[in-house]
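Mapping of the sequence shown onto UniProt numbering: residues 1 to 503, in sequence order.
Shown next, in structure tokens, is the structure this report addresses.
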Amino acid sequence: MNLTSIVNKLYFKSRRKELDQYTLHTEELQQEVMLYLLNRANNTEYGRNHLFSTINKYEEFTQNIPINTYEELKKDIDRMRHGEENILWPGKVKWYAKSSGTTNDKSKFIPITSEGIQNIHYKGSTDVVACYLDNNPKSRMFEGKGLILGGSHSPNYNLPNSLVGDLSAILIENINPLANLVRVPKKQTALLSDFEVKRDLIAQETLNKNITNISGVPSWMLSVLVRVMELSGKQHLEDVWPNLEVFFHGGISFTPYRKQYEQLITKSDMHYMETYNASEGFFGVQNDPNDKSMMLMVDYGVFYEFLPMDEFGNEHPNIVPLSGIELDRNYAIIISTSCGLWRYMIGDTIKFTSKNPYKFIITGRTKYFINAFGEELIMDNAEKGLAEACKVTDALISDYTAAPIYMDTNAKCRHQWLIEFTKEPKSISEFAAILDKKLQEINSDYEAKRFHDITLQPLEIIIARKGLFNDWLKNKGKLGGQHKIPRLSNNRTNLEEMLALNK
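The structure is reproduced here in structure tokens:
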């Protein structure tokens, strides 16, 4: 029996059996989570103000507690960061994740409690490994080390009672020391704020290590792996790390990057496993390698609700708990957690693909869409359209963003796409036509607006120079870590800034 089999038997197999019970007791588990959270926080200021001690049913939960965005909770979170206790969660909260889910200048500071670290974030990481080992019993991942690419600490803004950092940095700071035996890079490298320096140091540190697994955001990890290849002089990554077997990825869609990874790592037994973890919590794991949807994690310190996106913005939308969802309907996620977030809209949208167990795909962001003319284009549409265009034209994409042109000098409206290619198609016009056609196939609203070019003209593609998107992020102090490019926008602010740099 190899080391990985022993570790699996000791730490992961029993948990995998618990996950199998999800199909039998999902609604009961969520009810238990709701009541547990209310009981834990009923003596906090927020709990007293919203009568937590009187709530026993979901209907009472919705009547007593309002839907919140960060703006509604900001004053309470600011008080917590200044050292006040028992505000949103019992006791003092030391750690705050600086949210990178937005590229706005205004930062969000998401409270990360000790309980949240253990029962949400670390529990999620454990379940990822449990599912992977269950699907791959011959794995030897613990015979080598895992390369974990995370973010950095940020200034604490002269608040001695709180510490701020990317979520990944907070998790590294609080990790069990034993875990450091099976992970790289070393802590001081992992927490560097300058991504370009960190990338080079990670490549140097890991070049001659036995790396069996890698974890991180696909775009930033790709940058590190390319640097490893440059230093090694090898043609493929398995020539550097022959025992590499899995990439645990999350943060952004893997679809635009899959082909590049498959060209970089050509071994047939390489595995890719998606996770859904954010500053606000750990929500999903791809438990079946043959199904791209993820299983919703229902026994963490997270209670879920869902707002139908076709009712988003309505005064009284029909928000439902997990038991009330419909398959193939687009929902905004609302969470209540053991980090003190109450009925909090995290800004992500998902679509359920199964109820037994509850499984879903991420479809986008509540802020990342184009609906300038009633076309309702979401990120999931964009990713599928680009994947088709890349497949047909043999192109590779590094990054992209898109926004509407409301009316040009000829009184015409269209979508404008700014795309940075790793490998350009031979014909941009062909690429644009395939993208446009695929978007019409998968989005009937877009198809209707494109009918005879009456409302929407054919889309326009502008080629971004190499490094444009990274330069834009660098200008905003957001290069590396968990920061993301806003893929779709209903206004042109971000796109105009990027176009100004595209020289």
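Yeah, the Cβ is synthetic: ideal placement off N, Cα and C, and Gly gets one too.
### Message
Mapping the DSSP letters down to three states, classify Arg-365 as helix, strand or coil.
### Response
Looking up residue 365 in the sequence shown gives position 365. Residue state, collapsed to three classes: strand.
### Task
Give a yes or no on whether 8 Å exceeds the smallest Cβ distance from Gly-144 to chain C.
No chain C appears in this structure, which consists of one protein chain only.
### Task
Determine the direct distance from the alpha carbon of Arg-492 to that of Gly-429, and round the result to whole angstroms.
In the sequence shown, residue 429 corresponds to position 429, counting from 1. In the sequence shown, residue 492 corresponds to position 492, counting from 1. The residue you asked about is not Gly; residue 429 is Ser in the sequence shown. Those two C-alpha atoms are separated by around 23 Å.
### Query
Is it buried or exposed for Leu-307, if we count other Cβ within 10 angstroms and need 16 for buried?
Locating residue 307 in the sequence shown gives position 307, counting from the first residue. Leu-307 is buried by the Cβ-count criterion.
### Query
Would the segment 375 to 388 and the segment 312 to 325 be scored as touching if the rule is three or more Cβ pairs under 8 Å?
no
### Task
For Arg-414, write down the residues that DSSP places opposite it in a beta bridge.
Within the sequence shown, residue 414 is the residue found at index 414, counting from 1. Note: Arg-414 sits in a beta bridge opposite Ile-405.
### Query
What do you reckon, are the CB atoms on Phe-369 and Leu-231 nearer than 8 Å?
In the sequence shown, residue 369 corresponds to position 369, counting from 1. In the sequence shown, residue 231 corresponds to position 231, counting from 1. Not closer than 8 Å, so no.
### Query
Under three-state DSSP, which class holds Tyr-261?
Position 261 of the sequence shown, counting from 1, holds the residue named residue 261. Reduced to three states, the DSSP call for Tyr-261 is helix.
### CA-to-CA distance, Glu-28 to Leu-35, given in whole angstroms
In the sequence shown, counting from the first residue as 1, residue 35 sits at position 35. In the sequence shown, counting from the first residue as 1, residue 28 sits at position 28. Computed Cα separation, rounded: 11 Å.
### Task
List the endpoints of the continuous alpha helix (DSSP H) containing Asp-78.
The residue labelled residue 78 in the question sits at position 78 within the sequence shown. Taken as a continuous stretch (DSSP letters only), the alpha helix (DSSP H) holding Asp-78 covers 70 to 81.
### Message
Using only the alpha-carbon positions, how far apart do Lys-351 and Glu-274 sit?
### Response
In the sequence shown, the residue the question calls residue 351 occupies position 351. In the sequence shown, the residue the question calls residue 274 occupies position 274. Straight-line Cα distance between these residues: approximately 16 Å.
### Task
Look at the Cβ atom of Ile-110, then the Cβ atom of Ala-97, and state whether they are nearer than 8 Å.
In the sequence shown, residue 110 corresponds to position 110, counting from 1. In the sequence shown, residue 97 corresponds to position 97, counting from 1. Cβ distance < 8 Å, so Ile-110 and Ala-97 count as in contact.
### Closest Cα partner of Ala-41 within the set Asn-2, Trp-342, Asn-119
As a working note, residue 41 is residue 41 in the sequence shown. Nearest in C-alpha terms to Ala-41, of all of Asn-2, Trp-342, Asn-119, is Trp-342.
### Query
Any idea if Gln-235 is buried or exposed, counting beta-carbon neighbours within 10 angstroms, 16 or more meaning buried?
For the purposes of this step, residue 235 is taken as the residue at position 235 of the sequence shown. Its Cβ having fewer than 16 others within 10 Å, Gln-235 is exposed.
### Own chain partners of Ser-139 with C-beta closer than 6 Å, once the 5 adjacent residues on each side are dropped
Sequence index remark: in the sequence shown, residue 139 carries index 139 (1-based). Thr-4, Leu-133.
### Message
If contacts are defined as beta-carbon pairs under 8 Å, then Ser-338 and Thr-44 qualify, I think. What distance do you get, rounded to the angstrom?
### Response
In the sequence shown, counting from the first residue as 1, residue 338 sits at position 338. In the sequence shown, counting from the first residue as 1, residue 44 sits at position 44. The pair is not a contact, with the Cβ atoms about 12 Å apart (cut-off 8 Å).
### Query
At what residues does the alpha helix (DSSP H) containing Ile-202 begin and finish?
What you label residue 202 is simply residue 202 of the sequence shown in a count that begins at 1. Looking at the DSSP string, the run of the alpha helix (DSSP H) that includes Ile-202 is 195 to 206.
### Query
Could you give the C-beta distance for Leu-264 and Leu-225, rounded to a whole number, given that I count them as a contact under 8 Å?
For the purposes of this step, residue 264 is taken as residue 264 along the sequence shown, with counting starting at 1. For the purposes of this step, residue 225 is taken as residue 225 along the sequence shown, with counting starting at 1. Contact annotation, Leu-264 with Leu-225: C-beta distance approximately 6 Å; criterion of less than 8 Å satisfied.
### Query
Going along the chain, which residues of its own chain have a beta-carbon closer than 6 Å to the beta-carbon of Pro-185, five neighbours each way excluded?
The residue given as residue 185 occupies position 185 in the sequence shown. Only Ile-202, Glu-205 meet the Cβ criterion.
### Tyr-11 in three-state terms, based on DSSP
For the purposes of this step, residue 11 is taken as the residue at position 11 of the sequence shown. Correct three-state label for Tyr-11: helix.
### Query
What are the residues that DSSP puts in a beta bridge with Lys-423?
Working through the sequence shown from its first residue, we reach residue 423 at position 423. DSSP, once it has assigned bridges, lists Leu-396 as partnering Lys-423.
### Query
If you check the beta carbons only, do Ala-395 and His-415 fall under 8 Å apart?
In the sequence shown, counting from the first residue as 1, residue 395 sits at position 395. In the sequence shown, counting from the first residue as 1, residue 415 sits at position 415. Not a contact, by the Cβ cut-off of 8 Å.
### Query
What residue from Lys-17, Glu-196, Met-80, Ile-211 has the CA that sits closest to Cys-131's CA?
The count along the sequence shown starts at 1 and reaches residue 131 at position 131. Ranking Lys-17, Glu-196, Met-80, Ile-211 by Cα distance to Cys-131 puts Lys-17 first.
### Task
Would you mind working out which of Lys-449, Glu-280, Gly-150 sits nearest Thr-69, comparing C-alpha positions?
Position 69 of the sequence shown, counted from the start, is the residue given in the question as residue 69. For Thr-69, the nearest C-alpha among the options comes from Glu-280.
### N- and C-terminal bounds of the alpha helix (DSSP H) containing Ile-442
In the sequence shown, residue 442 corresponds to position 442, counting from 1. Element bounds for Ile-442: 428 to 442.
### Message
Rounded to whole angstroms, what is the Cα-Cα separation between Gly-251 and Ser-219?
### Response
Residue 251 sits at position 251 when you count from the first residue of the sequence shown. Residue 219 sits at position 219 when you count from the first residue of the sequence shown. Distance between the alpha carbons of Gly-251 and Ser-219 is about 9 Å.
### Task
Classify Met-295 as buried or exposed, calling it buried when 16 or more other Cβ atoms lie within 10 Å of its own Cβ.
Numbered from its first residue, the sequence shown carries residue 295 at position 295. The residue in question, Met-295, is buried, as its Cβ has 16 or more Cβ neighbours within 10 Å.
### Message
Nearest by alpha-carbon distance to Asn-502: which of Thr-422, Asn-56, Val-298, Ala-464 is it?
### Response
Against the sequence shown, residue 502 aligns to sequence position 502. The option with the nearest alpha carbon to Asn-502 is Ala-464.
### Query
Based on the DSSP output, what are the partners of Val-302 in its beta bridges?
Counting from 1 along the sequence shown, the entry for residue 302 is found at position 302. DSSP output for Val-302 lists Thr-337 as bridge partner(s).
### Query
Can at least three beta-carbon pairs, one atom from the segment 363 to 381 and one from the segment 159 to 168, be found at a separation below 8 Å?
No, they do not touch.
#### Entry: Rounded C-alpha distance that separates Ile-346 from Thr-62
For the purposes of this step, residue 346 is taken as residue 346 along the sequence shown, with counting starting at 1. For the purposes of this step, residue 62 is taken as residue 62 along the sequence shown, with counting starting at 1. If I take the Cα positions, the gap works out to 17 Å.
### Query
Can you tell me the Cα-Cα spacing of Pro-321 and Ile-362, whole angstroms?
On the sequence shown, position 321 is the one that residue 321 refers to. On the sequence shown, position 362 is the one that residue 362 refers to. So the alpha carbons of these two residues sit roughly 18 Å apart.
### Task
Report the residue from Leu-24, Lys-438, Ile-485 whose alpha carbon sits nearest the alpha carbon of Gly-364.
In the sequence shown, the residue the question calls residue 364 occupies position 364. Comparing Cα positions, the closest option is Ile-485.
### Message
Along the chain, where does the alpha helix (DSSP H) containing Glu-375 start, and where does it finish?
### Response
Sequence index remark: in the sequence shown, residue 375 carries index 375 (1-based). Unbroken run through Glu-375: none, as it is neither H nor E.
### Query
Looking at the structure shown, is Arg-450 part of a helix, part of a strand, or coil, going by DSSP?
For this step, residue 450 is matched to residue 450 along the sequence shown. Helix.
#### Entry: Thr-422 versus Tyr-261 - alpha carbon distance
Stepping through the sequence shown from its first residue, residue 422 is reached at position 422. Stepping through the sequence shown from its first residue, residue 261 is reached at position 261. Their Cα atoms are separated by approximately 12 Å.
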